[in-house]
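Colleague:
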Amino acid sequence: MTHRYWPMFDIRITTPDLELRHLTEADLSSVADILPADAEQDPAATTYDGLDAARNRGAVIHQEYWRARGGWRP
Numbered sequence: 005m006t007h008r009y010w011p012m013f014d015i016r017i018t019t020p021d022l023e024l025r026h027l028t029e030a031d032l033s034s035v036a037d038i039l040p041a042d043a044e045q046d047p048a049a050t051t052y053d054g055l056d057a058a059r060n061r062g063a064v065i066h067q068e069y070w071r072a073r074g075g076w077r078p
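Those letters in the sequence shown? Residues 5 to 78, per this note's numbering, in order.
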């Protein structure tokens, strides 16, 4: 086990052509960059003045990730 405090990061499902793994914080910017403009997000999510729509979507992606990770229970 390489992640002794968060063992979910050690789970991998692999095939010869594909590996599925838990999303990490390092992945968030890449995910936010490819998120389509019509992707549905929480309409109650906070938006920030001064950010365009794409950057607001990216902020929501980060906030939802942190919320889900912080509230996860076995």
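C-beta atoms are modelled at their ideal positions from N, C-alpha and C, and glycine is treated no differently.
This one's a predicted model, so the numbers in the text were calculated from it and none came from an experiment.
#1: Does the distance from the CB of R61 to the CB of A36 come in under 9 Å?
#2: Is there contact between the stretch 46-58 and the stretch 11-30, where contact requires at least three CB pairs shorter than 8 Å?
#3: Are the beta-carbon atoms of E23 and Y69 separated by less than 9 Å?
#4: If we ignore side chains and look at the alpha-carbon of each, how far apart do L55 and L27 end up?
#5: Measure the Cβ-Cβ separation of A41 and A57 and say whether it is below 9 Å.
Modeller: Working from what's here:
#1: Counted from its first residue, the sequence shown places residue 61 at position 57. Counted from its first residue, the sequence shown places residue 36 at position 32. In contact: R61 and A36 (Cβ atoms closer than 9 Å).
#2: no
#3: Numbered from 1 along the sequence shown, position 19 holds the residue referred to as residue 23. Numbered from 1 along the sequence shown, position 65 holds the residue referred to as residue 69. Cβ atoms of E23 and Y69: not closer than 9 Å.
#4: For the purposes of this step, residue 55 is taken as residue 51 along the sequence shown, with counting starting at 1. For the purposes of this step, residue 27 is taken as residue 23 along the sequence shown, with counting starting at 1. Going from the Cα of L55 to the Cα of L27 covers about 25 Å.
#5: Walking along the sequence shown from the start, residue 41 turns up at place 37. Walking along the sequence shown from the start, residue 57 turns up at place 53. The answer is yes: Cβ separation under 9 Å.
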